[in-house]
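Protein chains: 2
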Amino acid sequence: MKVGTAALTVDAAGMRAQNSSLLLNMIWRERQISRAEIARRTELSPSTVSAIVADLEHSGLVRSIGAGVSRGGRRPTLIGFRDDAFSIIGVEMGATHVTVVLTDLRGRVRTHRTAAQQVRNDPEGTLKTVRTLVQECLDAERVPRRSVVGLGVAAPSPVHPSAPGKLSPLILPAWRGYDVREALNTTFDLPVFVDNDANLGALAECYWGAGIGGEDLTYIKLATGIGSGHIIHGDVYRGAGGTAGEIGHIAVDSAGPPCLCGLRGCLVTLIGSGALVERARELMGTKGRKAPTVREIVEGARAGDPAARQIIDGLGQYLGVAVAGLLNLLNPAIVVLGGEISSVGDLLLDPLRASVRKRALSTSMAETRIVTSALGDKSIAVGAATLVLQAALRDRTLFPLQHVGKSA
Amino acid sequence: MKVGTAALTVDAAGMRAQNSSLLLNMIWRERQISRAEIARRTELSPSTVSAIVADLEHSGLVRSIGAGVSRGGRRPTLIGFRDDAFSIIGVEMGATHVTVVLTDLRGRVRTHRTAAQQVRNDPEGTLKTVRTLVQECLDAERVPRRSVVGLGVAAPSPVHPSAPGKLSPLILPAWRGYDVREALNTTFDLPVFVDNDANLGALAECYWGAGIGGEDLTYIKLATGIGSGHIIHGDVYRGAGGTAGEIGHIAVDSAGPPCLCGLRGCLVTLIGSGALVERARELMGTKGRKAPTVREIVEGARAGDPAARQIIDGLGQYLGVAVAGLLNLLNPAIVVLGGEISSVGDLLLDPLRASVRKRALSTSMAETRIVTSALGDKSIAVGAATLVLQAALRDRTLFPLQHVGKSA
DNA sequence: ACTGGTTTCTTCGCAGTGCGAACGAAGTTT
DNA sequence: AAACTTCGTTCGCACTGCGAAGAAACCAGT
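Here it is, written out as structure tokens:
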């Protein structure tokens, strides 16, 4: 692994690697496609395509899956991607829990495990929990480690591009000195990729959710904290210091309450779960003694409770200020809202869009769709696995080479 | 030119093209470097490097420039980039003027022309002016058209990636139906590249200004309008609809004055030249009857005039709100301020930085430098030329092939 | 059923590219 | 002056993709 000004030089082998990756990606995207069709689209010669496909088939990544429909002559042999050829592990370290998923090469969850875990202040315990859950997932599906591509980790902290295992000492002081990547790499002897949770939520949306097929998208995670991640030209954009996407600390109300970060009127103090619950206690509170939950707000809003709807309205309006700024500055093709509260759908989208319309240029809005996520509660962990998938689809050598003998 | 999912396949020729471009870029960046050094850095074999350099030399882009210092053996032959091998034309269409520059391949201005021109409402006149000035520049330096790489144009409007010659009908309604790229392409029979002025200011800073060597930068142009451009991974980022960087219409004061765009409290209504001049009239106004100019504010502030300083302070504070949002969202490595008013330097940077510090996460600020531009008033036009240079350095075939006979 | 045309995929020789070893050229050091 | 180092070139080799030719498989019309 070269660092810095990687001199991306090409020799004969590199040429093959490049074309091979291109083909692999095409087969992955299309799910099934004939050699002839590949040749037409890539403008590679039929002979070359055949040679490369044979390579890929031999490595177990693709296989023939019967004949397609004729176009007036011999019927084509369809090549399909073997989604189950390898597995990937995705880990989400949340604020108070750890979720681990085992996925195939199509982002499908084959097994998953979740455990409550205080992540902020307990690095040792967290790492132990992660190790246990990962092993459980592997065991449950009887997946040998050599058929696992790698391990992706979502961390509730910015991740600096130059030290992708270390978490931010400002956000998670207790993790100072720990290197998640190294720790898990030594345990499982697998490649480990780490990134911020919102960034991975964005990646998941880009691959499996609202952003399918697109290359520019912003994901906003509405939870205890408010984070966002940008996909730019198909890649996670991390910024110079890895803190791109900290939308939660944009000041939207200079007269707002003070925030933990030392500033005033941060978005998170107004629409973070804490603020929503607090507001719910004021408006809906008399019903019960204990504090309402986000889930109750969602259910209330769905059921037509005016107080809950009012809370969602307020959320949409505040969020609109930040999203308007986002549209003007970045002009993404899609903005996806995630997090539990986003499941109210249009109840949130309507006031949000109205708020954005009042604050963003119409030209910025014209090409941007604002939607809520359709992925479930494991989307962040799946996004972590996707990070590994993305890397492997670009660099085939990341797939564990099984020097296939004759094992069918 | 393929559009859409360009299948970037590689054959033997493509391999050569890729390595050739890599070498060309290295020689361009280093200005002078030996074959041996290139081989070491690229990990290409010495024989390959020699072959490619011979190619480049034959095409006139590089040449031997004597011997370097020995490293304990034979002295290396230094290869240098021929900055004067070709010329590039850069055009800035401002609000009320047109500037044309003729540069070499190092961004140096060899000739320039400026003319007053109402651009907004007079497409015909503007195109005519551009044509005249371009021809004047070519004539002045006796540059034959075949030694010009291409023509870059900066437009005071967002430029949609899918129709790079058409200007936004919302911002410049009079230009509806005009295609700048096509118009100039037919006149001069040269490749034409069009982009937004702030984007090209950003590109200029990245190549010749504060951002040299970096790959992620945001440029903010403070003028009649407030625009910004992002360079991400070395490329202009245009967003989904070409309107990325419209920082001028971020709402920073919900109680602020109405803006032309229909919103309230837009940055531009508070710190655009118009607002600054207006404020100057209030504070400094009694001196003369006619409205003060931005230049007078700059001079006043430099001379210590408290009113002028107060204006600059206010500018810094408002701008800080937007920049803080920018840092949190994008976390660029450098923010460069351009436009006439930015020439006051620290007088603006100090209040700006203070304002940002109050509103952005310290982690976002940690890796970001905020500076003022050191490039002159032709920076936008030079940026337009740079767009052409960038394209040609990536794709050597854009350099007009002079099938060199024996002309030294 | 048969024939001609079409499409798919493979085979095989060719051309272009980068590599590595060997070599000569040019300097430095002892 | 001799030994060593570095630079750049030459030449045969291995690998890649290409193109022509051909075999296989299929469709449509008679």
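These protein sequence lines are chains X and B, in that order. 1 is the number of the first residue of the first sequence in the working numbering; add one for each residue after it. 1001 is the number of the first residue of the second sequence in the working numbering; add one for each residue after it. Think of the CB as a built atom: it goes at the ideal place given N, C-alpha and C, for glycine as much as any other residue.
Distance, residue j Cα to residue i Cα
{"i": "Ile1231(B)", "j": "Ile380(X)", "result": "28 Å"}
{"i": "Gly1320(B)", "j": "Ala1163(B)", "result": "34 Å"}
{"i": "Leu999(B)", "j": "Asn1025(B)", "result": "Here chain B covers residues 1001 to 1408 and nothing more, so residue 999(B) does not appear."}
{"i": "Arg146(X)", "j": "Gly94(X)", "result": "28 Å"}
{"i": "Gly307(X)", "j": "Val298(X)", "result": "In the sequence under discussion, the amino acid at residue 307(X) is Ala, which differs from the Gly named in the question. When rounded, the distance between both Cα atoms is 11 Å."}
{"i": "Gly1325(B)", "j": "Ile250(X)", "result": "6 Å"}
{"i": "Val1277(B)", "j": "Ile212(X)", "result": "48 Å"}
{"i": "Ser364(X)", "j": "Arg1238(B)", "result": "11 Å"}
{"i": "Leu167(X)", "j": "Asn121(X)", "result": "12 Å"}
{"i": "Ile1052(B)", "j": "Ala51(X)", "result": "29 Å"}
{"i": "Val1180(B)", "j": "Val1119(B)", "result": "12 Å"}
{"i": "Arg142(X)", "j": "Ala85(X)", "result": "14 Å"}
{"i": "Ala1155(B)", "j": "Ile1171(B)", "result": "11 Å"}
{"i": "Pro1332(B)", "j": "Glu340(X)", "result": "30 Å"}
{"i": "Ile65(X)", "j": "Ala198(X)", "result": "37 Å"}
{"i": "Ala1140(B)", "j": "Val1148(B)", "result": "14 Å"}
{"i": "Lys358(X)", "j": "Tyr1219(B)", "result": "26 Å"}
{"i": "Glu1030(B)", "j": "Thr1269(B)", "result": "44 Å"}
{"i": "Leu1056(B)", "j": "Pro1257(B)", "result": "58 Å"}
{"i": "Ser47(X)", "j": "Ala54(X)", "result": "11 Å"}
{"i": "Val1003(B)", "j": "Arg1302(B)", "result": "Bear in mind that a pLDDT of 33 at Val1003(B), under 50, signals an unreliable position, so the model cannot answer this."}
{"i": "Gly427(X)", "j": "Gly80(X)", "result": "A query on residue 427(X) cannot be resolved here, the shown segment of chain X reaching from 1 to 408 and no further."}
{"i": "Glu1043(B)", "j": "Asp11(X)", "result": "10 Å"}
Unbroken beta strand (DSSP E) run spanning residue i, endpoints
{"i": "Leu263(X)", "result": "Premise fails: Leu263(X) is in no beta strand (DSSP E) and is neither H nor E."}
{"i": "Ala116(X)", "result": "109–116"}
{"i": "Ile1052(B)", "result": "Where Ile1052(B) is concerned, there is no enclosing beta strand (DSSP E), although the alpha helix (DSSP H) it sits in stretches over 1046–1058."}
{"i": "Phe1399(B)", "result": "Where Phe1399(B) is concerned, there is no enclosing beta strand (DSSP E), given that its DSSP letter is neither H nor E."}
{"i": "Ala1067(B)", "result": "1062–1067"}
{"i": "Gly1229(B)", "result": "1226–1232"}
Same chain only: Cβ atoms within 8 Å of residue i, ignoring 5 sequence neighbours per side
{"i": "Leu393(X)", "result": "Ser21, Leu24, Asn25, Trp28"}
{"i": "Val382(X)", "result": "Gly90, Val101, Thr103, Gly107, Val109, Ala204, Trp208, Leu375"}
{"i": "Val371(X)", "result": "Ala210, Ile334, Val335, Val336, Leu337, Leu349"}
{"i": "Glu1045(B)", "result": "Glu is not the amino acid found at residue 1045(B); the sequence shown has Ser there. Result list for Ser1045(B): Ala1039, in chain order."}
{"i": "Ser34(X)", "result": "Gly68, Pro76, Thr77, Leu78, Ile79"}
Assumed close pair residue i, residue j - CB separation to whole angstroms, cut-off 8 Å
{"i": "Gly1014(B)", "j": "Ile1088(B)", "result": "That pair is no contact at about 26 Å."}
{"i": "His112(X)", "j": "Val101(X)", "result": "4 Å"}
{"i": "Ala1384(B)", "j": "Gly1152(B)", "result": "3 Å"}
{"i": "Gln135(X)", "j": "Gly125(X)", "result": "About 16 Å separates the two Cβ atoms, so there is no contact after all."}
Proximity below 8 Å, CB of residue i to CB of residue j
{"i": "Gly1338(B)", "j": "Lys1221(B)", "result": "yes"}
{"i": "Ala1204(B)", "j": "Leu1375(B)", "result": "yes"}
{"i": "Thr368(X)", "j": "Ile334(X)", "result": "yes"}
{"i": "Leu387(X)", "j": "Leu200(X)", "result": "yes"}
{"i": "Gly1209(B)", "j": "Val1336(B)", "result": "yes"}
{"i": "Leu1078(B)", "j": "Gln1018(B)", "result": "no"}
{"i": "Thr1224(B)", "j": "Gly1272(B)", "result": "yes"}
{"i": "Ala202(X)", "j": "Gly229(X)", "result": "yes"}
{"i": "Leu1330(B)", "j": "Ala244(X)", "result": "yes"}
{"i": "Ile311(X)", "j": "Arg279(X)", "result": "yes"}
{"i": "Val130(X)", "j": "Asp195(X)", "result": "no"}
Span of the alpha helix (DSSP H), counted from its first residue to its last, around residue i
{"i": "Gly1131(B)", "result": "What sits at residue 1131(B) in the sequence shown is Arg, not Gly. Start and end: 1123–1140."}
{"i": "Leu337(X)", "result": "Careful: Leu337(X) lies outside any alpha helix (DSSP H), inside the beta strand (DSSP E) at 334–338."}
{"i": "Leu956(B)", "result": "No answer is possible for residue 956(B): the residues shown for chain B start at 1001 and end at 1408."}
{"i": "Ser1147(B)", "result": "Counting along the chain, Ser1147(B) falls outside any alpha helix (DSSP H), and DSSP gives it neither H nor E."}
{"i": "Thr1042(B)", "result": "1035–1042"}
{"i": "Glu1278(B)", "result": "1273–1284"}
{"i": "Glu1205(B)", "result": "1197–1208"}
Same chain, Cβ closer than 6 Å to residue i, five either side skipped, listed in chain order
{"i": "Ala1036(B)", "result": "Pro1076"}
{"i": "Gly242(X)", "result": "Pro158, Val159, His160, Pro161"}
{"i": "Leu401(X)", "result": "none"}
{"i": "His233(X)", "result": "Glu215"}
{"i": "Arg1040(B)", "result": "none"}
{"i": "Gly345(X)", "result": "Thr372"}
Residues near residue i by beta carbon distance below 7 Å, same chain, minus five either side
{"i": "Ala322(X)", "result": "Ile247, Ile250, Val252, Leu267"}
{"i": "Lys378(X)", "result": "Thr99, Val101, Val109, His112"}
{"i": "Asn1328(B)", "result": "Ala1360, Leu1361, Ser1364"}
{"i": "Ala291(X)", "result": "Val277, Arg281"}
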